[in-house]
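K.L.:
From first to last, the protein sequence lines are chains E and S. Residue 1 in this note's numbering is what sits at position 17 of the first sequence, and the numbering runs on without skipping anything. Residue 35 in this note's numbering is what sits at position 45 of the second sequence, and the numbering runs on without skipping anything. Beta carbons: idealized from backbone N, C-alpha and C, even for Gly. These figures come from a predicted structure and were not determined experimentally.
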Amino acid sequence: MAITANGLIHLGYTPEVDFSLQNDKDGNGVYIKTWISSDAQPTVSAIEAGAIAWQTAYDALEYSRLRKAKYDLLNQDEMRYDDLVNNTTTWRDGIAAIKVSHPKP
Amino acid sequence: MAIVINGSGTVTGLAVGGLPDGTVDAGTLATNSVDSAELIDGAIDDSHMAAMAASKLTGALPAISGANLTGITADDNTPAFMALPHVDGDYIANTTWEKVLWTTEVYDTDGKFASSTFTPTVAGKYHFTCQIMWQQIDDNSNNHIALYKNGSEYHRVMFYSVNPDGGGGGPISSASLDVTAISDTDDYFEIYVYQSSGARYVRGTSHSTGSYFSAFKLAGA
C-alpha cells in the first residue's frame, strides 16, 4: 500500500483542490506533491486505511455498475411506448431480468 | 654613372637607391601607373585594403573550401529526438500526476534522451510536441498533459472528455501539447500527465494512433 488519491478522496479530500499527488516513476512511488487543504496532512497509514475503505465501498457497488451498463443498452423509452400500445411488459421484464442477473448484495 | 639630362625631358643615369627615401611620393606617380606586377606578394596588408563591396560578391564566385571559412558555426535542428511509450502502454493512476515512461526511441540524434528525460545540454530554444492517446477515458473527465522543466511544470494543456464516442464513456481520447522552451546547458524536460477516469493507460506503440514525445532545437533562433 502507499499514498493513493482514492485513500485521500475517501477521507473527504478533493484532488487538485485539497491535494496534488505525483509519481516520478523513479521507484519511490506516489507522493504528495502539494498539500493545499487547510487541514493537517493525513498520515500515510490513515491514507492507506482510507484506500481500503474506498475499495470496499467501490466493490460494494459493482452490481450497480453492471446493471447500469446493461440498462444503457436498452431503448427504454421505445420499450415503454410499445408496452403501452401493445399492452405488453417487455420493459418491466427486461429491467427485472437485469436485476436478477446482478443482485444487490 | 653620370646623370644626363637631355633636351627631351628625360633623365638617365639613375640607379636603384639613387634617390633618397621619400623622394617619389604619390603625387609623383602617374595615375594608374602601378600594376600588380610591380607589387611584391603580400605587400598590401589588411590595413591598406578597403572593405569589399557586396557588388564584388555576385556572379560566379570562386569555390571556397569550408576549411578556409572562419567565424561561421554550423547550426542545425539538433539535438532532436522522438520516443514512444512501451508497447503495452504506460499505467497512470487516478488523479495523480505521473511521469510518462517513453521506452522506445524512434531517433535520438545526440543521445540526449534517456530515462524518459530530454537533457539537450546545448543551450538554445527547443520545440516540444507530445501526443497522449488515452485508453478508456470517461465522459466529463479531467485530463492534463504537462511539460516539466527541471522537475516543475513549465506548460500544460488540459481537456475535458465529453461523450467522446457519443455516450457511455469513450474508448479512446487524445490530446497534444506544442510549446517552445528555452534550455540552458543543464536543463531537462519530462512529460507528466493527469487523468480522473480511474486507473488508465497511455496507449503504447502497438496502436498506430499511439502516443509520442519529440523535440528539436530551433536553428538560428
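Helix, strand or coil: which one does DSSP assign to tyrosine 212 of chain S?
P.N.:
Here chain S comprises residues numbered -9 to 211, so residue 212 of chain S is not present and cannot be evaluated.
K.L.:
Which term fits methionine 148 of chain S, buried or exposed, when burial requires 16 or more other beta carbons within 10 angstroms of its beta carbon?
P.N.:
exposed
K.L.:
Do serine 173 of chain S and glycine 210 of chain S have their beta-carbon atoms positioned less than 8 Å apart in this structure?
P.N.:
no
K.L.:
Would leucine 58 of chain E pass as an interface residue toward chain S - the criterion being a Cβ-Cβ separation below 8 Å?
P.N.:
no
K.L.:
Under the DSSP definition of a beta bridge, which residues are partnered with tyrosine 150 of chain S?
P.N.:
S:Asn132
K.L.:
Would you tell me roughly how many angstroms separate the C-alpha atoms of lysine 102 of chain S and tryptophan 124 of chain S, rounded to the nearest one?
P.N.:
27 Å
K.L.:
Identify whether arginine 190 of chain S lies in helix, strand or coil by the three-state DSSP scheme.
P.N.:
Strand.
K.L.:
I'd like the span of the beta strand (DSSP E) that includes valine 225 of chain S, first residue to last.
P.N.:
Residue 225 of chain S cannot be examined here, being either before or after the span of chain S that is shown, -9 to 211.
K.L.:
Less than 7 Å between C-beta atoms, sequence neighbours within five positions excluded: which residues of the same chain meet that for threonine 0 of chain S?
P.N.:
none
K.L.:
Give me the chain A residues within the contact set of asparagine 84 of chain S, using Cβ-Cβ distance strictly less than 9 Å, ordered along the chain.
P.N.:
As a matter of chain content, chain A is missing from the structure shown, whose protein chains are E and S.
K.L.:
Threshold first: 4 residues or longer. Then list the alpha helix (DSSP H) segments lying entirely within the stretch 17 to 83 of chain E, N to C.
P.N.:
28 to 44, 46 to 55, 60 to 70, all fully within the stretch 17 to 83 of chain E.
K.L.:
Note the first and the last residue of the continuous alpha helix (DSSP H) segment covering leucine 91 of chain S.
P.N.:
Per DSSP, leucine 91 of chain S belongs to no alpha helix (DSSP H) and is neither H nor E.
K.L.:
Leaving aside the five residues before and after arginine 146 of chain S along the sequence, list all residues of the same chain whose C-beta is less than 6 Å from its C-beta, in chain order.
P.N.:
By the criterion of a C-beta distance shorter than 6 Å, arginine 146 of chain S is surrounded in its chain by His134, Ala136, once the five residues flanking it on both sides are discounted.
K.L.:
Please list, in chain order, the chain E residues whose beta carbon lies closer than 8 Å to that of serine 186 of chain S.
P.N.:
Pro(-1)
K.L.:
Among the residues of its own chain, which have a CB less than 6 Å from the CB of lysine 89 of chain S, if the five just before and after it don't count?
P.N.:
Glu180, Tyr182
K.L.:
Using a C-beta cutoff of 8 Å, does leucine 91 of chain S count as contacting chain E?
P.N.:
yes
K.L.:
Label valine 192 of chain S either buried or exposed according to how many other C-beta atoms from any shown protein chain fall within 10 Å of its C-beta, with 16 as the threshold for buried.
P.N.:
buried
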